[in-house]
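See structure below.
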Amino acid sequence: MNDRTRVQLTVNGQREQVEVEPRALLADVLRDQLGLTGTHLACEHGVCGACTVLIDGEAARSCLVFAVQAEGASVTTVEGLTPPDGLSPVQEAMRDCHGLQCGFCTPGIVVSMTAYLDTHPNPTDAELRDAMSGNLCRCTGYQGILAAARQAADRMSASS
Amino acid sequence: MSSPVASRFVGSAVHRKEDRRLLTGHGQYVADASAPRMVHAAFLRSDVAKARLNSVNIEAAKAAPGVVAVFLWSDFHEKFGEAWHAMLGQELVVPPPLAITDVRYVGDPIALVVATSRALAEDACGLIEVEYEPEQATVDYATAAADSNVVHAAWGLPSNVMVAVPFTPMSADLDETFGSVEHVVETTIVQNRYLCVPMETRGVLASWTPGLEELDLIVATQSVHETRNFFARYLGLDEGAVRVTARDVGGGFGQKMFVFREECAVVLATKLLGRPVKWIEDRLENLISAGHSRNELGHVRMAISADGVIEAITVDHVADVGAYTPCPAVMDPTLLPGPYRIPRLGFSTQMVWTNTMGKAAYRGPWMFETTAREMAIDVAARQIGMDPAELRRRNLLSLPELPFTSPGGKVFQEITPLETLEQALGMLGYDEFRKEQAAAREQGRWLGVGICVYVEPTSMEQSTLGTEGATIRIESSGKVVAFLSTTSHGQSIETTMAQIIADDLGVSYDDVTVVQADTQSTPYGPGTGGSRTAVIAGGAAHDAAVAVRDKVLGIAAHMMEAAPEDLEIAEGVVAVRGTPDRSLTIKEVATQAYTNAHTLPVEMAGGLEATIRFKPKRFPTWSNATHVCVVEIDPDTFIPRILRYIVSEDCGKMINPQVVEGQIFGGVVQGLGGVLYEDFRYDQDGNPQTTTFLDYLLPTTGEAPKIEIGHIESVSTTNPGGFKGMGEGGAIGAHAAVANAVGDALAHLGVNVTSTPLGPEQIFQLVQATKKERA
Amino acid sequence: MKPSQFQHHAPEQIDEVVGLLAEYGDDAKVLAGGQSLIPMMALRMAAYPHLVDIARVASLSTISASAGAVRVGAMVRQSRAERDASVAKVPLLAKAIPHIGHFQIRSRGTVGGSIAHADPASELPAVALALDARIEATGPGGVRHIDASEFFLSTWQTALDDGEILSAVEFPLWGANSGFAVEEIARRKGDFALIGALAGVTLDGARVARACITMIGVGSTPIRCHDAEAALIAGGADTDLDDIGRIAAAPLTPADDVHASAEYRQHVSPAIVRRALTAALKEARS
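Chains as they are written, first to last, in my numbering: chain A, 143 to 302; chain B, 101 to 875; chain C, 12 to 297.
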């Protein structure tokens, strides 16, 4: 039963091949086998959103996906959303608006916000509240996060 | 000899130094660390609240795939020494790393399994057979003192009372006053059990290397030095043989202030195995066994004159400390009168053990005196028929009448209670709100406003807390490195301290690097907590920067053949005042100081470095605020929703307004979470009921209101920057403000809100009970 | 918090799925989106030696519309259904999906998985029940259809036989002048509903030609409120909806849980039904 399975997937644009136990969660494989520790685990039961990554462009909880389910998929983590120099518009807005304090939930927030704004270029404030409600943060009271979402949305739609 | 330099960075919302690494996924949390030959730990925990352990069979677990070791108490017995913290004193001992002969709460660790992966360790935990002999658990703290089921009967203790302070009148004429005033208000205020819940759980990577004989700990802690000293004592090592680091910590809120028994077990495991052992707590463990908070009640009495002057206040307080308390932080009853001109005080307090997870510190551990008083004031206002804002206004202290000595002996100064009340009420438009509320009631809508005014002792003196150290060095490149005794888990300390240091040295903020949370390089400090970093670490950073600045000026004066007092430093350049062409860069001075130090006069040793410890001029540094909350309750569903949330706060001079506001925002949402959403529950047998994030409900963006903040800056004279601590206030003020708003929204129905939580179920029950009473 | 070990099977044909389920019996569990199953496994509330992952069975990921119904394959992800033009013809389904968790859950969660999981607080089983959907089950004996009214037996219990898999759900289309609404009380945005009502009406002038009312969170399955539907049809569009709500609530026997008592659920049910019907009628009129 401890048979390992070979999984091929693309992570942040890079082809990867890993040998995993079927029970290995995508989050654990990203962190432990691929060294991408930006994806954080804070609940492991799919509620907090800290482990959010993009799977084939859609935001998903990487603690609720077995790595074997990601065979052939393209996965993007917070590391992959960061431009080679500088910060992405979402990351920049999070910094400008003090959308993070301890930083533990932050990667999931950045990934979720990026995914949402990519598909919803002109959100209302109420829609942003709704969209970001799947990511728990214990430090900021969400004020900076929502302000960042607003700033990023406005700047991204202005520049597109 | 230094003259003050113009403030360039202090007071402004500079970009945080922490943000780039945290935003790009390059934070360094304990879960991200690994070590060669590292193995993983998991605890088998009791699923019974109180039981004798008849047998624990670990044979199958030991034989399971990947298992390196299975430890029981007998493996650890006599392998460790003293287990106390300097901050809490020697009497409060961390409980044994694993249960000995019995378990006393659900979550009590029984065995530690170490395996080649966490999953395999969990598999093996599932193979351990425990035969429990259950006993009747004590769960309700309100009745625990008289309960014949004694939590610590195995220690031979006669009752569940840990501490009992009998009623102590602080004023001679207390009884007379209650006998002679127009109104006596009595109410019992009950606060529910809620938890810190940092997004990062607890965790430690412990590495003992035989031969090297050193213990290396990467740990999610608020206090690396306390942790180091603890384990030096625990294992009988010199402090120098223990290194503790915590580069990034994913939130603490008090939970990570002290060493837990689980961390002790992991350290013993690495010592016995001679290889690194990593334990990353899972969320289930964190919710049931990482320390619980609040869960206390107070029977409050107030004596109020006919014209609304509060003549006396008393409390009889009971707090639940659970089975083993990591930090029995409970109220300071002498703070009960708070920032009011209340002349008389009396109190009793009792801390009781129960078969539940023990009490830990949580942001604003001294908040119950605020919660009890502020909720009782609203009860009083309803009873005597006075507007709650007016009742407060008639009794609050204001800046011009300070200093004021309270009946509890607190000397208040440099605070602005009435001023913040008026600012907050003005921001709301209080009188207009009352009209809107009356109109809304006509339409069957339930609107309410709640107020909470508090004063907070920050930067206190207790035991280790009174001082901090800083080492600042200008390197030979001219860049600055500051080594601080702090640990950071969201407080932006790398940023705020760099702002202070840059201003004091006259260099760019970008040229300052702050190193903290490493016992091998930083000065000793008790850690980050207790709203003390801005004042005390800020004071240390300032004093050390000034000392280094003086060295720069001394060497530059020698190089330029000028008098030091004629020099000024700005933007990294030392110049003769009024003669800007006579100047040197700090880099040039640094080169002289390090590379050509032998050419300096004999009294100049060279180098640009200083280590200073700082202690405020007096303790504590008071800060204060007023919170005002407006809620609407849906009469169909009883769901409360916050419409406005206003804070007027006074933390003195602000180092970084964005950071200040961030701390308030976070604290407020934690506080309102504890009233409206979060409630850790046990059943009557001590089984936890809210063990996942689907049951223990943290607020989300869907629930957090927009928070409006007003600032009043009355400068503190306890420290050179004029700062006051403010990290905890948001959480302190929110509880009563929200509860009072719910109470006000229901007042016209005859409901008297005196307890929390206040979710739809509780509001429904209150409304139904009042209806039945009136029928 | 790591799941127990299991063997992963990833067939590409439905026959293989059925074969694996037959081979491993109770030791096997179907893995669709995994958004309910994986947390239960992580908490070790559930463990299965074999998971049959149906994501690679292409035939399970189709959406097709016919004159009378929209057929949604079991493996259609909720996020895709949320955007799909055919699903938009089933407004109650389209309105219910955004109430499921958060968008990061719906990107993986499936329509069929949610219905097969049969959580009494979930929206999609209630949609199926409200609309008289037909559940398509594929097993060793081939394909059969089960009426939604026969499908939900109890919490996490359905009428699927051992060895059968839910392969698709057919949602009937309603005609013009119809309106639908989903009304929920949840503690927080995205949480399971404490209680909820899903309603649909078709108007013929002031006459209610057709109505459905289904409640969630008030029993061990979603509950169809037949008496209330009949009363609404009898009373017409101007009926006092509080009365309809009370009729709907009268037979309910909800349970207590950590978030709300049975008494609370019973008490607020009429208002939730009223709100759902108010919104559905408003939409039908527009």
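Where is the CB? At the ideal position from N, CA and C, for every residue including glycine. Just so we're clear, the structure is a prediction, and the values are computed from it rather than from any experiment.
Nearest neighbour of residue i, chosen from the options [CA to CA]
{"i": "F504 (chain B)", "options": "B:G398, B:A845, B:R441", "result": "B:R441"}
{"i": "A144 (chain C)", "options": "C:V81, C:L71, C:A287", "result": "C:V81"}
{"i": "A219 (chain B)", "options": "B:A161, B:R375, B:V769, B:Q562", "result": "B:A161"}
{"i": "G188 (chain A)", "options": "C:F114, C:E175, C:L214", "result": "C:F114"}
{"i": "Q277 (chain C)", "options": "B:E861, B:H417, B:R383", "result": "B:E861"}
{"i": "V63 (chain C)", "options": "C:A132, C:I25, C:H20, C:A53", "result": "C:H20"}
{"i": "G181 (chain B)", "options": "B:Q537, B:Y334, B:H325, B:F143", "result": "B:Y334"}
{"i": "L397 (chain B)", "options": "B:R874, B:Q562, B:I807, B:R293", "result": "B:R293"}
{"i": "P437 (chain B)", "options": "B:A480, B:S506, B:V359", "result": "B:S506"}
{"i": "D158 (chain C)", "options": "C:L142, C:A217, C:G150", "result": "C:L142"}
{"i": "D382 (chain B)", "options": "C:E240, C:A33, C:R55", "result": "C:R55"}
{"i": "V261 (chain B)", "options": "B:A369, B:A644, B:H185, B:A423", "result": "B:A423"}
{"i": "R534 (chain B)", "options": "B:D650, B:L499, B:E501, B:A489", "result": "B:A489"}
Contacts that residue i makes with chain A (C-beta to C-beta distance below 8 Å)
{"i": "M226 (chain C)", "result": "Neighbours of M226 (chain C) on chain A: none; closest Cβ ~24 Å, over 8 Å."}
{"i": "F468 (chain B)", "result": "Chain A residues near F468 (chain B): none, gap ~21 Å exceeds 8 Å."}
{"i": "H19 (chain C)", "result": "T147, P164, F208, V210"}
{"i": "T434 (chain B)", "result": "Result: empty, since nearest Cβ-Cβ is about 30 Å, beyond 8 Å."}
{"i": "S389 (chain B)", "result": "Chain A residues near S389 (chain B): none, gap ~16 Å exceeds 8 Å."}
Beta-carbon gap between residue i and residue j smaller than 7 Å
{"i": "L153 (chain A)", "j": "V207 (chain A)", "result": "Residue identity differs from the one stated: residue 153 (chain A) is Val in this sequence, not Leu. No; because the gap between Cβ atoms is not below 7 Å, this pair is not in contact."}
{"i": "S323 (chain B)", "j": "G627 (chain B)", "result": "yes"}
{"i": "Y232 (chain B)", "j": "A151 (chain B)", "result": "yes"}
{"i": "A320 (chain B)", "j": "E339 (chain B)", "result": "no"}
{"i": "S275 (chain A)", "j": "K13 (chain C)", "result": "no"}
{"i": "H270 (chain C)", "j": "L205 (chain C)", "result": "yes"}
{"i": "T923 (chain B)", "j": "T287 (chain B)", "result": "Nothing can be reported for residue 923 (chain B): it is not among the residues displayed for chain B, which extend from 101 to 875."}
{"i": "I863 (chain B)", "j": "F738 (chain B)", "result": "yes"}
{"i": "T248 (chain A)", "j": "L667 (chain B)", "result": "no"}
{"i": "V304 (chain B)", "j": "W379 (chain B)", "result": "yes"}
{"i": "L209 (chain C)", "j": "V219 (chain C)", "result": "no"}
{"i": "S621 (chain B)", "j": "F583 (chain B)", "result": "yes"}
Listed by chain order, chain A residues near residue i by CB distance under 7 Å
{"i": "Y129 (chain B)", "result": "F246"}
{"i": "Q115 (chain C)", "result": "G191, T194, A201, A202, R203, S254, G276"}
Beta-carbon neighbours of residue i, restricted to chain C and to distances below 8 Å
{"i": "R297 (chain A)", "result": "Ordered by position in chain C, no residue passes the 8 Å Cβ test against R297 (chain A), which lies about 22 Å from the chain."}
Amino acids of chain C, ordered along the chain, whose beta-carbon sits closer than 7 Å to that of residue i
{"i": "A219 (chain B)", "result": "K13"}
Under 7 Å by beta carbon: chain E residues contacting residue i
{"i": "F864 (chain B)", "result": "Judged by its chain identifiers, the structure shown contains no chain E, and its protein chains are A, B and C."}
Chain C residues whose Cβ lies nearer than 9 Å to that of residue i
{"i": "P860 (chain B)", "result": "I196, R198, L205, H270, A271, Y275, V279"}
Proximal residues of chain B, C-beta to C-beta of residue i below 9 Å
{"i": "A129 (chain C)", "result": "Residues of chain B passing the Cβ test: none, with the nearest at roughly 18 Å."}
{"i": "L32 (chain C)", "result": "Result: empty, since nearest Cβ-Cβ is about 25 Å, beyond 9 Å."}
inquiry  = Give the list of continuous beta strand (DSSP E) stretches no shorter than 3 residues that lie fully inside the stretch 218-298 of chain B.
reply    = Correct list: 229-234, 261-269, 283-294.
message = Below 8 Å, how does it come out for the stretch 801-820 of chain B and the stretch 707-726 of chain B: are there three or more Cβ pairs, yes or no?
response = Contact check between the stretch 801-820 of chain B and the stretch 707-726 of chain B: three or more CB pairs, one atom from each, fall below 8 Å, which counts as touching.
query = If we count Cβ pairs, one from each stretch, closer than 8 Å, do we get three or more for the stretch 483-490 of chain B versus the stretch 403-412 of chain B?
reply = The answer is yes - the stretch 403-412 of chain B touches the stretch 483-490 of chain B, with three or more Cβ pairs under 8 Å.
ask   = Does the stretch 563-582 of chain B touch the stretch 620-639 of chain B, meaning 3 or more C-beta pairs lie closer than 8 Å?
value = By the Cβ criterion, the stretch 620-639 of chain B is in contact with the stretch 563-582 of chain B, since at least three pairs of Cβ atoms, one from each stretch, lie closer than 8 Å.
request  = Answer yes if the stretch 454-469 of chain B comes into contact with the stretch 419-439 of chain B, meaning at least three C-beta pairs across the two stretches below 8 Å, and no otherwise.
outcome  = Counting C-beta pairs closer than 8 Å gives three or more between the stretch 419-439 of chain B and the stretch 454-469 of chain B, which meets the contact rule.
key: Complete alpha helix (DSSP H) runs within the stretch 142-190 of chain B (minimum length 4 residues, chain order)   = Whole alpha helix (DSSP H) segments, 4+ residues: 159-162, 173-176.
task = Tell me, please, whether the stretch 337-354 of chain B touches the stretch 164-174 of chain B by the rule of three or more beta-carbon pairs shorter than 8 Å.
result = Counting Cβ pairs under 8 Å, fewer than three are found: no touch.
task = Count the CB pairs spanning the stretch 752-759 of chain B and the stretch 228-247 of chain C that are closer than 8 Å, and state whether there are at least three.
result = Contact fails between the stretch 752-759 of chain B and the stretch 228-247 of chain C, because fewer than three Cβ pairs, one in each stretch, are under 8 Å apart.
query = Residue ranges of each alpha helix (DSSP H) run of no fewer than 4 residues wholly in the stretch 50-113 of chain C, ordered along the chain?
reply = Those alpha helix (DSSP H) runs which fall completely within the stretch 50-113 of chain C and span 4+ residues are 89-94, 102-107.
In chain order, each beta strand (DSSP E) run of at least 3 residues that lies wholly inside the stretch 327-369 of chain B = The qualifying runs are 342-345.
request  = Tell me, please, whether the stretch 747-756 of chain B touches the stretch 589-598 of chain B by the rule of three or more beta-carbon pairs shorter than 8 Å.
outcome  = Because the criterion of three Cβ pairs below 8 Å is met, the stretch 747-756 of chain B and the stretch 589-598 of chain B touch.
inquiry  = Which runs of the beta strand (DSSP E) at least 3 residues long sit entirely within the stretch 716-770 of chain B? Give them in chain order.
reply    = Along the stretch 716-770 of chain B, the beta strand (DSSP E) occurs as fully enclosed runs of 3 or more residues at 721-733, 740-750, listed in sequence order.
ask   = With contact counted as at least three CB pairs below 8 Å, one residue from each stretch, are the stretch 62-78 of chain C and the stretch 88-100 of chain C in contact?
value = Counting C-beta pairs closer than 8 Å gives three or more between the stretch 62-78 of chain C and the stretch 88-100 of chain C, which meets the contact rule.
inquiry  = Check whether the stretch 654-673 of chain B and the stretch 618-627 of chain B are in contact - that is, three or more C-beta pairs closer than 8 Å.
reply    = They do not touch, by the three-pair rule.
query = Counting pairs of beta carbons, one from the stretch 302-316 of chain B and one from the stretch 196-207 of chain A, are three or more of them closer than 8 Å?
reply = The stretch 302-316 of chain B, when compared against the stretch 196-207 of chain A, does not touch it at the 8 Å Cβ threshold.
inquiry  = Does the structure place the stretch 127-141 of chain B close enough to the stretch 189-202 of chain A that three or more beta carbon pairs sit under 8 Å?
reply    = The answer is no - the stretch 127-141 of chain B does not touch the stretch 189-202 of chain A, with fewer than three Cβ pairs under 8 Å.
request  = Please go through the stretch 565-608 of chain B and give each complete beta strand (DSSP E) segment of 3 or more residues, from N-terminal end onward.
outcome  = Fully enclosed beta strand (DSSP E) runs of no fewer than 3 residues occupy 568-574, 580-584 of the stretch 565-608 of chain B, in order along the chain.
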